[in-house]
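Number of protein chains: 2
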Amino acid sequence: MSKPKDPRLIATRDAALDAALTILQKEGVLAVTHGSVSNITGISRSTLYRHWPQIDRMRNDAFKRAASPSSIPPATDGPLRADLSWLLGILVAALNDTPWGPIAPQVIAAAATDQEARTVINEFMNERIANVEGIFDAAKARGELAPDVPVRNLVEMAIAVPYFRKLIAGLPLDQDWLDSHVNMICQLAEGADE
Amino acid sequence: MSKPKDPRLIATRDAALDAALTILQKEGVLAVTHGSVSNITGISRSTLYRHWPQIDRMRNDAFKRAASPSSIPPATDGPLRADLSWLLGILVAALNDTPWGPIAPQVIAAAATDQEARTVINEFMNERIANVEGIFDAAKARGELAPDVPVRNLVEMAIAVPYFRKLIAGLPLDQDWLDSHVNMICQLAEGADE
DNA sequence: CCTTGTATAGAACATTTTGTTGCGTAGCGA
DNA sequence: TCGCTACGCAACAAAATGTTCTATACAAGG
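If you're matching them up, the sequences are chains A and B in order.
First residue of the first sequence: 1, per the working numbering; consecutive thereafter.
First residue of the second sequence: 1001, per the working numbering; consecutive thereafter.
Below is the structure:
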């Protein structure tokens, strides 16, 4: 199916995208050029042009690489509060301690004028939303929550606030804050059926 | 205090920044250059270089211009729900129908590597947060809310979700959604003192 | 109205960045 | 071993980015 790839091709591609991500974090999208990546990696400029004739493609591939991993199926067995605390903890850790934190704003900004970047961020967010949604649905199935609880709104609140604080308002995401956040979400979910 | 400025200077500055904002919306930060602004406005490139020797300065000034206005003192006399609905309506309208919608992500992305942009977005957000906070505080003062309601968290939720939906998730902000959002915030505020 | 100072347009120029092409070399797979 | 392909490199073309100078036109104050 997928043709057997030349290891040289893989290697240069990986090295280039790693470098692109480094630059992206430290200096922003504007600094990611064939020239800058060439300087860092030692890969010749002409080779980079052969891989990505247009710089947008390289940037988008870097975006994809930063947005790709997760692969953590959310636990949906504990009580709602525990599941939520755990999953949002992972989400917050990704924002705090991985390249995704500094890179996400770049992807979001690029999404305004680039359909491919829009797709990257959409798919990433849809996955996160689906994960949190799964937790609420499971809680419903266990009878922890009333059937008419507006899950979708709660999910968006749960995710929106950390993203807002970190990326937009520039506020920290520490454990204390996370606890109180989870608290509010749970309270809202459980009090919704009065 | 401020020296009387030459009207020519004001005029070119305004025209340049208007053009910069237009480009910013349509093509993103990368497209805002001395050259592109010169092409649109007819202002000569050398003049633009005199105003802004570094392109970042021009971009930041454009950011400031987009982030500047508001000057609407929030109404704090109605019931909480009405005040909130009104103020968030304005906030949502700004995201939907003004240049701020497309420009905000650019400012946020720039804030990662540019302290001045960080300041722009911080001041902008602090003002919004303070406005919404004022509404909650007034509701407390009227006795509508219990004194121990965690205003700050509610405020962040109220603002974070529309920003998240519009800028990050790419979801629409329509009236139906806004109503249900205000609903949840009010419910959370009023149910918090059980 | 006149004078002085300042902002601008425009051109000329240097420098840097960006994009393109051809070729020799070396790693890869068969 | 042999053909294929990726790579580095150098040379080059084209475009963008800065810089400087001069002539002109507008502004402000007397």
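Ideal placement from N, C-alpha and C gives every residue a C-beta, glycine not left out.
- Message: If I follow the unbroken alpha helix (DSSP H) through V1029 (chain B), where does it start and stop?
- Response: What you label residue 1029 (chain B) is simply residue 29 of the second sequence in a count that begins at 1. Where V1029 (chain B) is concerned, there is no enclosing alpha helix (DSSP H), given that its DSSP letter is neither H nor E.
- Task: Quick one: list the residues of chain A neighbouring S1180 (chain B), beta-carbon separation under 9 Å, in chain order.
- Result: Position 180 of the second sequence, counted from the first residue, corresponds to residue 1180 (chain B). Per Cβ cutoff of 9 Å: P150, N153.
- Item | R65 (chain A), DSSP secondary structure in three states | Here residue 65 (chain A) refers to the residue found at position 65 when the first sequence is read from its first residue. It is helical.
- Task: Could you check what DSSP says for D1148 (chain B) in three-state terms: helix, strand or coil?
- Result: Here residue 1148 (chain B) refers to the residue found at position 148 when the second sequence is read from its first residue. Here D1148 (chain B) sits in coil by DSSP.
- Task: Using beta-carbon positions only, say whether L167 (chain A) and P99 (chain A) come within less than 7 Å of one another.
- Result: As a working note, residue 167 (chain A) is residue 167 in the first sequence. As a working note, residue 99 (chain A) is residue 99 in the first sequence. Not a contact, by the Cβ cut-off of 7 Å.
- Length at least 4, wholly inside the segment 104-169 of chain A: the alpha helix (DSSP H) runs in chain order: 115-141, 151-163
- Item | Contact with chain A by F1124 (chain B), beta-carbon distance below 7 Å | Position 124 of the second sequence, counting from 1, holds the residue named residue 1124 (chain B). No, because no Cβ of chain A sits closer than 7 Å to the Cβ of F1124 (chain B).
- Message: Looking only at its chain, what residues have a beta carbon closer than 8 Å to the beta carbon of E1127 (chain B), apart from the 5 residues adjacent to it on each side?
- Response: Numbered from 1 along the second sequence, position 127 holds the residue referred to as residue 1127 (chain B). Hits under 8 Å: S1070.
- Message: F1136 (chain B) and A160 (chain A) - do their beta-carbons sit closer together than 7 Å?
- Response: What you label residue 160 (chain A) is simply residue 160 of the first sequence in a count that begins at 1. What you label residue 1136 (chain B) is simply residue 136 of the second sequence in a count that begins at 1. It is not a contact, given that the beta carbons lie outside the stated cut-off.
- Message: Please tell me whether F164 (chain A) has its Cβ less than 7 Å away from any Cβ of chain B.
- Response: Position 164 of the first sequence, counted from the start, is the residue given in the question as residue 164 (chain A). Cβ-Cβ to chain B under 7 Å: yes for F164 (chain A).
- Task: Find the residues of chain A that neighbour V1161 (chain B), judging by a C-beta separation of less than 7 Å, and give them in chain order.
- Result: By one-based count along the second sequence, residue 1161 (chain B) stands at place 161. Within chain A, the residues near V1161 (chain B) are E156, M157, A160.
- With 16 other CB atoms within 10 Å as the buried threshold, where does R152 (chain A) fall? Here residue 152 (chain A) corresponds to residue number 152 of the first sequence, with the count starting at 1. Exposed, by the Cβ-count rule.
- Message: Tell me which residues of the segment 24-39 of chain A have at least one Cβ-Cβ distance to chain B shorter than 9 Å, keeping chain order.
- Response: Q25, K26, E27, G28, V29, L30, A31
- In chain order, what residues of the segment 1045-1072 of chain B put their CB closer than 9 Å to some CB of chain A? none
- Message: Considering Cα atoms alone, identify which of B:R1008, B:P1074, B:K1005 is closest to A1139 (chain B).
- Response: As a first step, residue 1139 (chain B) must be located in the second sequence, where it is residue number 139. The shortest Cα separation from A1139 (chain B) among B:R1008, B:P1074, B:K1005 belongs to B:P1074.
- Task: Compare the C-beta of P1102 (chain B) with all C-beta atoms of chain A and state if any pair is closer than 7 Å.
- Result: Taking the first residue of the second sequence as position 1, residue 1102 (chain B) is located at position 102. With 7 Å as the cut-off, P1102 (chain B) counts as an interface residue toward chain A.
- Query: According to DSSP, is T41 (chain A) helix, strand or coil?
  - Reply: Numbered from its first residue, the first sequence carries residue 41 (chain A) at position 41. Correct three-state label for T41 (chain A): helix.
- Should the segment 1080-1087 of chain B be regarded as contacting the segment 1178-1188 of chain B, the criterion being three or more beta carbon pairs within less than 8 Å? yes
- Task: Please go through the same chain and pick out, in chain order, the residues whose beta-carbon is closer than 7 Å to the beta-carbon of M1001 (chain B), but skip the five residues on each side of it.
- Result: The residue given as residue 1001 (chain B) occupies position 1 in the second sequence. Caution applies to M1001 (chain B), whose pLDDT of 48 falls short of 50 and renders its modelled position unreliable; the model cannot decide the point.
- Item | contact_flag[the segment 46-55 of chain A, the segment 90-105 of chain A] where n(CB pairs < 8 Å) is 3 or more | no
- Task: Compute the beta-carbon to beta-carbon distance between P1147 (chain B) and S180 (chain A), rounded to the nearest angstrom, for a pair I have assumed lies under 8 Å.
- Result: Position 147 of the second sequence, counted from the first residue, corresponds to residue 1147 (chain B). Position 180 of the first sequence, counted from the first residue, corresponds to residue 180 (chain A). With 8 Å as the limit, P1147 (chain B) and S180 (chain A) do not qualify as a contact, their Cβ atoms being about 17 Å apart.
- Check the Cβ-Cβ distances between A1094 (chain B) and every residue of chain A, and say whether any is below 7 Å. The count along the second sequence starts at 1 and reaches residue 1094 (chain B) at position 94. With 7 Å as the cut-off, A1094 (chain B) does not count as an interface residue toward chain A.
- Cβ shell of V32 (chain A) (< 8 Å), same chain only, five flanking positions each side left out: Sequence index remark: in the first sequence, residue 32 (chain A) carries index 32 (1-based). Answer for V32 (chain A): A20, I23, L24, I55, M58, R59, A62, listed in chain order.
- Within this structure, are the beta carbons of L48 (chain A) and H34 (chain A) separated by less than 7 Å? Start at 1 with the first residue of the first sequence, and residue 48 (chain A) comes out as number 48. Start at 1 with the first residue of the first sequence, and residue 34 (chain A) comes out as number 34. Yes.
- Can you give me the Cβ contacts of D1077 (chain B) inside the same chain, cut-off strictly under 8 Å, excluding the 5 residues immediately before and after it? Along the second sequence, one-based indexing puts residue 1077 (chain B) at 77. If we look at D1077 (chain B) and ignore the five residues flanking it on each side, its Cβ neighbours are D1083, A1138.
- Closest residue to R1142 (chain B) among B:P1079, B:A1111, B:F1124 (Cα-Cα distance): Residue mapping note: residue 1142 (chain B) aligns to position 142 of the second sequence, counting from 1. It is B:P1079 whose Cα lies nearest to the Cα of R1142 (chain B).
- Query: Roughly how many angstroms separate the alpha carbons of D1193 (chain B) and E1144 (chain B), rounded to a whole number?
  - Reply: Reading the second sequence from its first residue, position 193 is the one you call residue 1193 (chain B). Reading the second sequence from its first residue, position 144 is the one you call residue 1144 (chain B). Confidence in D1193 (chain B) is poor, its pLDDT being 44 and thus under 50, which makes the residue's placement too unreliable to answer from.
- Message: Once the 5 residues before and after L1178 (chain B) are set aside, which same chain residues still bring their CB inside 7 Å of it?
- Response: Taking the second sequence and counting its residues from 1, the one referred to as residue 1178 (chain B) is at position 178. Closer than 7 Å at the Cβ level, and outside the excluded window around L1178 (chain B), lie L1088, G1089, V1092.
- Task: Would you decide whether Q115 (chain A) is buried or exposed? Buried here means 16 or more other CB atoms lie within 10 Å of its CB.
- Result: Here residue 115 (chain A) is taken as the residue at index 115 of the first sequence, counted from 1. Counting Cβ neighbours within 10 Å, Q115 (chain A) comes out exposed, since fewer than 16 surround it.
- Query: Who are the neighbours of R1118 (chain B) on chain A, taking C-beta pairs under 8 Å?
  - Reply: Taking the second sequence and counting its residues from 1, the one referred to as residue 1118 (chain B) is at position 118. Those are G170, listed as they occur along chain A.
- Message: Distance check for S1044 (chain B) and T1012 (chain B), CA to CA, integer angstroms please.
- Response: Walking along the second sequence from the start, residue 1012 (chain B) turns up at place 12. Walking along the second sequence from the start, residue 1044 (chain B) turns up at place 44. Answer to the nearest angstrom: the Cα atoms are 10 Å apart.
- Item | Buried or exposed (CB count within 10 angstroms, at least 16 for buried), N1039 (chain B) | For this step, residue 1039 (chain B) is matched to residue 39 along the second sequence. Exposed is the call here.
- Tell me whether P1105 (chain B) is buried or exposed, calling it buried when 16 or more other Cβ atoms sit within 10 Å of its Cβ. Walking along the second sequence from the start, residue 1105 (chain B) turns up at place 105. Buried, because 16 or more other Cβ atoms sit within 10 Å of the Cβ of P1105 (chain B).
- With a cut-off of 8 Å on the beta carbons, I'd call G1028 (chain B) and R118 (chain A) a contact; round off their distance for me. Mapped onto the second sequence, residue 1028 (chain B) falls at position 28. Mapped onto the first sequence, residue 118 (chain A) falls at position 118. About 13 Å separates the two Cβ atoms, so there is no contact after all.
- Message: Counting C-beta neighbours from all protein chains within 10 Å, is the total for P1007 (chain B) 16 or more, i.e. buried, or is it exposed?
- Response: Mapped onto the second sequence, residue 1007 (chain B) falls at position 7. Counting Cβ neighbours within 10 Å, P1007 (chain B) comes out exposed, since fewer than 16 surround it.
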